Amino acid sequence: VDILSHPSGTCHLTQGSLSNGFIWPAAGVALVTESDIFNVKAVPHRYPAPPAPQALALEDLQSGDLVVHDDHGIGRYEGLVTLEVDVGGGDFLSLIYRDDDRLYLPVERMGVIQKYMGMEGVTPQLDKMGGLSWERVKTRIKRSAERIAGELLKIYAERKAGSGVSFTDRGPGYDNFVAGFDYDETPDQTRAIRDVLTDMARPAPMDRLICGDVGYGKTEVALRAAYVTVSNARQVAMIVPTTVLAEQHFETFRRRFDDTPFNVACLSRFRSPRHQREIIKRMAAGQVDIVVGTHRVFSKDVRFQALGLVILDEEQRFGVRHKERLKKLRRNVDVLALTATPIPRTLHLSLTGIRDISTISTPPELRQPIVTYVCELDEALLKDAIEREIARAGQVYFVHNHIQSIERMAARIQRLVPAVKLDIAHGQMSEEQLEENMRRFVSKEIDLLVCTTIIESGIDVASANTMLINRADRLGLAQIYQLRGRVGRSSDQAFASLFIPAESTLTRTARKRLKVLMEHSDLGSGYQIALNDLKIRGGGTILGAAQSGHIAAVGYDMYLKLMQTAVAELKGEPTTPPLEPEINIAFTAVIPENYVGDIDQRLILYRRLTRLRS
């Protein structure tokens with residue numbers, strides 16, 4: 284409609300796409316859009332998600348690393364060499380086998396090797412090229428993998444055979460709910476959302492793990508799953524490990540569901556007993572659609588009218604008793620687990636294709652990696668770190684995981700930096716005091732929080748960008764990673780200092796953990812950390828089957844490959860070995876050294892080329 288050709292004082296309705304209306308006084312035109320009237324943000328353009336990578340990339344090879352060749356077994360990688368051969372030339376990976384046998388592997392066939400990841404403290408022997416021992420070992424382990432896969436599949440088949448609810452309808456206001464998300468989805472996030480909604484539409488209950496770093500948008504995936512569930516007249520329970528986290532998630536859910544007809548409640552010890560009883564009564568009557576709570580939700584007095592979805596945040600923090608309760612729930616209810624660093628056992632199950640996994644590894648825009656230092660505790664350094672952060676109007680966490688001496692530590696920091704406003708947080712405080720101190724930190728009334736690892740999954744404070752961890756050698760890898768993820772939640776540069784005693788007193792495992800943390804300080808490396816944790820601690824004995832020896836014999840990747848084949852065969856899925864064609868052309872096909880000078884960079888480029896699937 285040509286609005287300018289109509290006389291003033293008339294009103295017209297026209298279809299088109301504009302994000303906002305405008306007033307043009309000179310022409311006497313006021314244009315009002317749908318979003319101006321209904322206060323609904325236009326749904327942003329959704330870009331098609333890139334296809335999921337075939338495998339989650341492991342670290343790139345260094346000279347001297349052990350590798351596993353599909354046909355020849357365990358060898359040692361000695362670097363990249365350029366050779367001239369009859370049909371031209373090229374770059375080759377030089378591999379050493381037993382008795383100094385050498386194999387030159389063309390870079391385009393790099394897909395047949397993986398880096399060897401075995402067990403802590405076990406150094407495997409190199410295999411003999413063309414020998415029978417490797418095939419024998421593979422056959423033995425394949426039989427064992429088939430047995431374990433059979434036991435695992437029996438458990439998971441019960442779940443798949445169970446009938447859950449098929450959530451095929453997303454609900455009438457789904458697009459408006461999606462539009463309430465303040466950011467554009469990253470491609471990984473789009474993929475994770477699609478995976479979850481596809482799982483929910485199936486009749487078998489969902490059991491999916493969403494693995495993504497702190498602040499990478501896992502909660503948004505959970506919010507959308509929750510919306511679809513409540514739109515289908517089913518209830519949602521979100522279970523989190525700490526009370527403070529329950530309050531934060533409750534706020535997020537309440538804000539997003541504000542414009543919908545659904546009721547959100549919080550069930551934690553911060554609510555009075557009378558208030559809790561009231562919520563439980565309303566849940567049983569179906570008047571509460573979504574409940575966010577701690578393990579209080581597992582209590583015997585809690586009843587749901589029609590539970591459809593359980594969302595678990597940091598599942599590894601729940602005890603054995605709670606996990607048993609979850610196991611019962613999993614048989615007929617959709618389960619969505621969110622984690623920043625999946626513990627090895629969970630990761631093991633996900634990698635073997637028995638639990639579904641989606642990873643979100645794209646950082647939000649403007650997010651910067653956390654600068655990490657490992658050093659001895661030095662008062663001048665401590666004072667400097669605190670004063671620098673406070674000078675830029677930021678806040679500091681000081682983690683001291685020893686309740687008996689935490690007061691003394693706080694007094695020592697106060698003496699060092701008298702101007703700093705600090706307080707303490709640990710699990711043995713009264714609930715009211717703990718909540719009050721956490722609240723004061725969140726609302727920036729205090730600058731520094733001296734705390735135990737109680738904050739590892741929980742509070743989200745964008746202005747807290749310095750993390751100081753005392754005796755980091757006593758903490759687990761995943762734990763330090765989680766703690767470090769409390770800072771760097773905004774576009775400001777964040778810093779983490781891990782204080783350790785003199786190098787000589789560190790245990791071998793502690794040294795390894797710290798080395799891994801330093802190597803993986805990039806954004807989105809939670810998955811890598813968990814893989815390394817798996818290497819340091821071993822795969823765990825799933826269902827009591829001791830697999831450590833098998834993993835040591837063939838390496839983690841090969842073990843997984845055999846396990847995945849066994850699972851697929853037992854499921855009756857067709858398994859076709861990947862095609863590895865050999866291409867011989869009569870000229871040199873390399874990335875020249877004068878184009879990419881660094882040998883490691885060339886190798887990374889070759890690896891990326893071999894991963895192409897189309």
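The sequence shown maps to residues 284 to 897 in my numbering.
Ideal Cβ positions, reconstructed from N, Cα and C, are used throughout, including at glycine.
Since this is a predicted model, take the numbers as computed values, not measurements.
Arg430 and Arg638 have their C-alpha atoms spaced approximately 18 Å apart.
Secondary structure remark: continuous beta strand (DSSP E) runs of at least 3 residues inside the region 378-448, in chain order: 385-389, 396-398. Collapsing the DSSP output to three states places Met521 in a strand. Three or more beta-carbon pairs separated by less than 8 Å are not found between the region 749-763 and the region 708-727, which leaves the two stretches without contact. In terms of CA proximity to Lys583, Ile563 leads the group Ile563, Leu592, Ile594. Per DSSP, the beta bridge partners of Val351 are Ile357, Gln397.
Counting C-beta pairs with one atom in each stretch, the region 588-599 and the region 469-480 have fewer than three that are closer than 8 Å, which means they do not touch.
Here Thr469 carries a coil assignment [DSSP, helix/strand/coil].
Per DSSP, Arg491 lies in no alpha helix (DSSP H) segment; the continuous beta strand (DSSP E) that holds it begins and ends at 490-495.
By the C-beta density criterion, Asp482 is buried, having at least 16 other C-beta atoms within 10 angstroms. Per DSSP, the continuous alpha helix (DSSP H) segment holding Asn459 begins and ends at 457-462. Three or more beta-carbon pairs drawn from the region 569-583 and the region 547-556 are found closer than 8 Å, and the two stretches are therefore classed as touching. Here the region 772-787 makes contact with the region 741-757; the two share three or more CB pairs at distances below 8 Å.
The distance from the Cβ of Ala520 to that of Val593 is about 5 Å, consistent with a contact at the 8 Å cut-off. With a contact defined as Cβ atoms closer than 8 Å, Gly454 and Val511 qualify at about 6 Å. Nearest neighbour of Lys704 by Cα position, chosen from Ile689, Gln716, Asn720, Arg691, turns out to be Asn720. Beta-carbon to beta-carbon, Leu886 and Leu388 are separated by about 12 Å, too far to satisfy the 8 Å threshold.
Across the set Thr543, Ile573, Gly838, the C-alpha of Thr543 shows the shortest separation from the C-alpha of Val461. A check of alpha carbon separations from Ala428 across Val850, Val873, Ala508 identifies Val850 as the nearest. Remark: C-beta atoms of Arg539 and Leu506 approach each other more closely than 8 Å. For Asn720, the enclosing alpha helix (DSSP H) has its first and last residue at 714-725. In terms of Cβ geometry, Ile379 and Arg359 form a close pair [threshold 8 Å]. Ser641 is bridged by DSSP to Ile493.
Look at Gln345 here: in three-state DSSP terms it is coil, with no helix or strand label.
For the pair Ile643 and Ala745, the CB atoms are not nearer than the 8 Å cut-off.
Spatial neighbours of Arg419 in its own chain (CB-CB distance under 6 Å, excluding positions within 5 residues in sequence) are not present.
If you draw a straight line from the Cα of Leu895 to the Cα of Trp307, it is about 53 Å long.
Here Leu731 is not near Gln651, since their CB atoms are 8 Å or more apart. Close CB contacts of Met841 within its chain, under the 6 Å cut and outside five residues either way in sequence, are with Val351 (chain order). A distance below 6 Å between beta-carbons, with the five flanking residues on each side excluded, links Asp374 to the following residues of its chain, in chain order: Leu363, Thr365, Val390, Val873. Straight through space, the alpha carbons of Arg794 and Ala785 are spaced by roughly 11 Å.
Per DSSP, Leu892 lies in no beta strand (DSSP E) segment; the continuous alpha helix (DSSP H) that holds it begins and ends at 882-893. Per DSSP, the unbroken alpha helix (DSSP H) holding Val511 starts and ends at 501-514. For Leu314, the three-state secondary structure derived from DSSP is strand. In the displayed model, Asp706 falls within a strand according to three-state DSSP.
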